[in-house]
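Protein chains in written order, with numbering that gives the first Met the number 0: chain A, 0 to 489; chain B, 0 to 487. Note that CB positions come from ideal geometry on N, CA and C, so glycine has one too. Note that the structure is predicted; figures quoted are calculated from it, not measured. Accompanying notes for the structure given below.
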Amino acid sequence: MPYDLFEVDKAIPERKKHIYIKKSDDPEAEIPSCNTKTIPGCMTERGCAFAGVKGVITGAVKDAAHVIHSPVGCTAYGYGTKRYPTTSSMPDGSEFPLENFNLKYIMGTDLKESDVVFGGMKKLRQSILEAAKEFPEANAIYAYATCTTGLIGDDMDGVVKELSEELGKDVVAFNAPGFSGPTQSKGHHVGNHTLFQHLVGSKEPPQTTPYDVNLIGEYNIDGDLWILKPYFEEMGINILSTFTGDCCHDEICWMHRAKLSLVRCQRSATYIADLIEKEYGVPYMKVDFFGPRYCAENLRAIGKYFGLEDKAEKVIQDRMAKIKPELEFYKEKLQGKKVWVFSGGPKNWHLPRPLEECLGMEVVAVSTMFEHEDGYEKIKQRAKENTVIVDDPNSLEMEEIIEKYQPDIMLSGVKEKYLAHKLQLPCVLIHSYENGPYIGFEGFINLAKDIYASIYNPVWNLVEFQDEVKEEPLELKELSAEEKSTLSAK
Amino acid sequence: MPESKKHQKKDHPHSPYGEESQELIAKTQKRFAVINPSRMCQPLGAVQALLGIRGAMPLIHGSQGCSTYMRFQLCRHYREPINVSSTSMSEATVVYGGEKNLIQALNTITHQYKPELIGVTSSCLTETIGDDMDSIINKFLQNNHNKIDFPIIPISTPSYAGSHIESYDQTLKALVEKITHQNILKQSLKGLKDENKKSSQINLKDKINVITGLLSPMDVEEVKFILKEMNIESIVLTDNSQSLNSPLDGKVDFLPSKGTTIKQIRDTAYSKATIALSNHANSAGVFLEKEFGVKLFNLPTPIGLRATDEFIETLVKLKNNQISKTLKIHRGQLLDAMVDAHAYNYNRKVAIYGEPDMVVGLTRFTSELGMIPAVVCTGTECNKFKQEIELISSQDGHEIQIISGGDQYDLHQKVKEEEIEILMGNSYSARIAKEENIPLIRIGFPVFDRIGAQRIKIVGYRAGLSLLDLITNTIIEKYYDNLKEEHL
Numbered sequence: 000m001p002y003d004l005f006e007v008d009k010a011i012p013e014r015k016k017h018i019y020i021k022k023s024d025d026p027e028a029e030i031p032s033c034n035t036k037t038i039p040g041c042m043t044e045r046g047c048a049f050a051g052v053k054g055v056i057t058g059a060v061k062d063a064a065h066v067i068h069s070p071v072g073c074t075a076y077g078y079g080t081k082r083y084p085t086t087s088s089m090p091d092g093s094e095f096p097l098e099n100f101n102l103k104y105i106m107g108t109d110l111k112e113s114d115v116v117f118g119g120m121k122k123l124r125q126s127i128l129e130a131a132k133e134f135p136e137a138n139a140i141y142a143y144a145t146c147t148t149g150l151i152g153d154d155m156d157g158v159v160k161e162l163s164e165e166l167g168k169d170v171v172a173f174n175a176p177g178f179s180g181p182t183q184s185k186g187h188h189v190g191n192h193t194l195f196q197h198l199v200g201s202k203e204p205p206q207t208t209p210y211d212v213n214l215i216g217e218y219n220i221d222g223d224l225w226i227l228k229p230y231f232e233e234m235g236i237n238i239l240s241t242f243t244g245d246c247c248h249d250e251i252c253w254m255h256r257a258k259l260s261l262v263r264c265q266r267s268a269t270y271i272a273d274l275i276e277k278e279y280g281v282p283y284m285k286v287d288f289f290g291p292r293y294c295a296e297n298l299r300a301i302g303k304y305f306g307l308e309d310k311a312e313k314v315i316q317d318r319m320a321k322i323k324p325e326l327e328f329y330k331e332k333l334q335g336k337k338v339w340v341f342s343g344g345p346k347n348w349h350l351p352r353p354l355e356e357c358l359g360m361e362v363v364a365v366s367t368m369f370e371h372e373d374g375y376e377k378i379k380q381r382a383k384e385n386t387v388i389v390d391d392p393n394s395l396e397m398e399e400i401i402e403k404y405q406p407d408i409m410l411s412g413v414k415e416k417y418l419a420h421k422l423q424l425p426c427v428l429i430h431s432y433e434n435g436p437y438i439g440f441e442g443f444i445n446l447a448k449d450i451y452a453s454i455y456n457p458v459w460n461l462v463e464f465q466d467e468v469k470e471e472p473l474e475l476k477e478l479s480a481e482e483k484s485t486l487s488a489k
Numbered sequence: 000m001p002e003s004k005k006h007q008k009k010d011h012p013h014s015p016y017g018e019e020s021q022e023l024i025a026k027t028q029k030r031f032a033v034i035n036p037s038r039m040c041q042p043l044g045a046v047q048a049l050l051g052i053r054g055a056m057p058l059i060h061g062s063q064g065c066s067t068y069m070r071f072q073l074c075r076h077y078r079e080p081i082n083v084s085s086t087s088m089s090e091a092t093v094v095y096g097g098e099k100n101l102i103q104a105l106n107t108i109t110h111q112y113k114p115e116l117i118g119v120t121s122s123c124l125t126e127t128i129g130d131d132m133d134s135i136i137n138k139f140l141q142n143n144h145n146k147i148d149f150p151i152i153p154i155s156t157p158s159y160a161g162s163h164i165e166s167y168d169q170t171l172k173a174l175v176e177k178i179t180h181q182n183i184l185k186q187s188l189k190g191l192k193d194e195n196k197k198s199s200q201i202n203l204k205d206k207i208n209v210i211t212g213l214l215s216p217m218d219v220e221e222v223k224f225i226l227k228e229m230n231i232e233s234i235v236l237t238d239n240s241q242s243l244n245s246p247l248d249g250k251v252d253f254l255p256s257k258g259t260t261i262k263q264i265r266d267t268a269y270s271k272a273t274i275a276l277s278n279h280a281n282s283a284g285v286f287l288e289k290e291f292g293v294k295l296f297n298l299p300t301p302i303g304l305r306a307t308d309e310f311i312e313t314l315v316k317l318k319n320n321q322i323s324k325t326l327k328i329h330r331g332q333l334l335d336a337m338v339d340a341h342a343y344n345y346n347r348k349v350a351i352y353g354e355p356d357m358v359v360g361l362t363r364f365t366s367e368l369g370m371i372p373a374v375v376c377t378g379t380e381c382n383k384f385k386q387e388i389e390l391i392s393s394q395d396g397h398e399i400q401i402i403s404g405g406d407q408y409d410l411h412q413k414v415k416e417e418e419i420e421i422l423m424g425n426s427y428s429a430r431i432a433k434e435e436n437i438p439l440i441r442i443g444f445p446v447f448d449r450i451g452a453q454r455i456k457i458v459g460y461r462a463g464l465s466l467l468d469l470i471t472n473t474i475i476e477k478y479y480d481n482l483k484e485e486h487l
């Protein structure tokens, strides 16, 4: 059987179909069950749809003010959670007056009990006006539904439509209350559709070139975009719009004018590329810039599309020469180290191959929070025989994965990091990064360096525990670690 | 003199609004909108209380985002693995009510995590749809034919009322109320299994209940240290000192393996007295006094000299004993440092921002240090807070700008107006400190941009000493180090 019911999941056998062990002779259709509701009480790492739209899609826009239509909680938690820095430069050459505006401010309607009873529309209207007054610089105001306002049925679209006209600036409502959909992925979806429907096609760029692209699904985590940008510039390609890392509101409005869309995060943003292609005939290409090989392959493909092969080649050769010595060093140090990748979605198929090919590591486990079928197909394709692929693991399963598959390092998020540390498993953050950026050629070296530093942390030489925790039966003590793991795998 | 802190936001060269819009904008006053909130929501306070109970699993009856956001917030603050479960409500379940999800979640947790207690908090979502958690929990218990050998405590925590402060208080009360209740005691709870049958009530009567309020693990540790120094047997509500500052010892806890036990919570009813070191989390103490005649002493959080004195004097009176030699030395050391540091701290204008008890305590302490607590801010609207600050203001003769129920925007305005020289608050206030070019002493919750949040200490003489060093050295670094040598 390709599916495995973990020891810890005996009470919830439904989990079995979410845990798949890669076998290459399996039919293609065999992948973990995914994008379904989490079993209540199962300690999931997943978030909500509101987090998906504000925390991923729109929070990176540099010049929009955000108004969360919620009681205080969602506004407080939606504040300052993700590391996507912005510059103040605007496409017309001007400067946006508030530096890192997207990280510094969040506003909310601060709903009270009476609003829940009588509706919160008045407060929403007033709060948007307050946002407009406080931040006249903001070029747009984004308003968000949450569980409460989704339930009481406030007509947010009506309010923002009215205010867009009255204020003469775009006010957009995102209707992704926390309870919609099984994961934050639903919020990505709503965010894409809302931005497409209300903005794309509504403005024209200051100028265009034959080499204009949309870089879609690049959120500039810890400066990722700023690694990629020079590649494009050197190739003579103009990023007309980024969706949405370090972008301004207007960039989204003129995405229809690009010659090509490049889809970087294919889980959260293929939707809008697809919509733009259908409506405006702008084709899109799915791209992958993690690891030197994929980065090179994809730059070549883009170069080919625009007839800029030579320039692409130059960027690649230049960067490869730069990173080669360091890459060799880390490969020697990380050879044979076992790794568990646990990301939201796409990094689970972006990272394993580069880690194996360029750093000599062995990916033993892969897990995702909100990946869908198409992503799991790619994960499976790129995974080696016997890799365990887990959809939405709970915290007990995580311990079992560590025991069974004995990774030397885990790549994941902050909620999982300290669990790993307690089990003496080093952990590198790959959602918001440790010392990023991690994308592109140079970024991959940063990642390798962080992995190396974590594994070779001198503290691991100091950690020694008496066997007071788990007294193993005598017969087990005689076995090697490998034999033990095969035993427990049964 | 420090460089000018008058730093006004750049005026927009020309208004981006048209004539009619300008009129609309001109009429608009800041009334409803919260800009960068300075309080968290109710379920978080409940979770914070539950994290100090051995074997407790917090379960949020709502959509996944609530528990995930809170775990994110707690994990990055404490840098510990933290489990907060969710009933994972979705569209379909919202329509039909959350009974099925809540029962399923209780089942899953019972079998997977084998808890000693489940604290079920509501959320905006389930409060709005009106789920009756009590009856759903009863149904679950009936379904299981009394096989559930641990308490399941429902706690009502809608985010659209109050904040994490009120819910922290209500959670302690709910725990004490439910666990000391006869019906619960009749059940054979596994949390009571370690009960020493011989322990007579006379022994129990020697104990003192201590409600700490929202304190860091190291502060709770310090409260326990003081009690031990004073030879006092105590029950701490709730004891996060080890669960949230746990050693690397080869295993991971999915539920706190250390903390206040169910038996201890039950025994609070027999204790000699309750000391609430918080004016905002004393409801459990009020309940115990009313219901079981356990005398309640309501003290300020022991931050700084006089408040710590007050705590220790109360202990002296209760036990009729002497102050411990060690504590006397610590007190003397703090006094000594207060004298030494005064030249640097005198008349420095400080703004303090955070949970009410902490802000009140630090207001008193900075005032003891000769500083001027010119601006204080807490996210909850609270008359008690205002009164406490006004009392300090009248005693020490400072004019204090009080923001109660304000947001960080309000705080920022006051920090500018009052030309504050040093700010004390959580990581969110780092933005204000940076913009105003003043130093920030990171304190309270959450502190995620520095390491060691679980070890921040403000309670007792020893913490007063280290905090005094930190404040003073920060002031020296900012306002003295750049002076020319001959000025030193």
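Contact with chain B by residue i, beta-carbon distance below 8 Å
i, result
"residue 36/A", "yes"
"residue 260/A", "no"
"residue 46/A", "yes"
Residue-chain proximity (residue i, chain A), Cβ-Cβ < 8 Å
i, result
"residue 79/B", "yes"
"residue 203/B", "no"
"residue 412/B", "no"
"residue 20/B", "yes"
"residue 258/B", "no"
"residue 570/B", "Only positions 0 to 487 of chain B appear in this structure, which leaves residue 570/B out of reach."
"residue 239/B", "no"
"residue 23/B", "yes"
Close-in-space but distant-in-sequence residues of the same chain around residue i (CB under 6 Å, 5 per side omitted)
i, result
"residue 200/A", "255"
"residue 120/B", "42, 45, 59, 154 and 156"
"residue 170/B", "45, 48 and 154"
Cβ neighbour criterion (16 or more within 10 Å) applied to residue i
i, result
"residue 35/A", "exposed"
"residue 468/A", "With a pLDDT of 48 at residue 468/A, under the threshold of 50, the modelled position of that residue is not reliable, and no figure is offered here."
"residue 141/A", "buried"
"residue 381/A", "buried"
"residue 449/B", "exposed"
Residue j beta carbon less than 8 Å from that of residue i
i, j, result
"residue 221/A", "residue 435/A", "yes"
"residue 39/B", "residue 215/B", "no"
"residue 339/A", "residue 364/A", "yes"
"residue 298/B", "residue 275/B", "yes"
"residue 380/B", "residue 304/B", "no"
"residue 446/A", "residue 128/B", "no"
"residue 119/A", "residue 148/A", "yes"
Chain-order list of residues whose beta-carbon lies under 8 Å from that of residue i (same chain, five-residue window excluded)
i, result
"residue 246/A", "59, 60, 61 and 240"
Chain-order list of residues whose beta-carbon lies under 7 Å from that of residue i (same chain, five-residue window excluded)
i, result
"residue 156/A", "172"
"residue 30/A", "19, 372, 375, 376 and 379"
"residue 209/A", "258"
Residue i to residue j span [Cα, whole Å]
i, j, result
"residue 115/A", "residue 221/B", "42 Å"
"residue 9/A", "residue 107/B", "10 Å"
"residue 387/B", "residue 359/B", "7 Å"
"residue 50/A", "residue 176/A", "9 Å"
"residue 261/A", "residue 215/A", "6 Å"
"residue 331/A", "residue 353/A", "15 Å"
"residue 420/B", "residue 341/B", "16 Å"
"residue 346/B", "residue 418/B", "12 Å"
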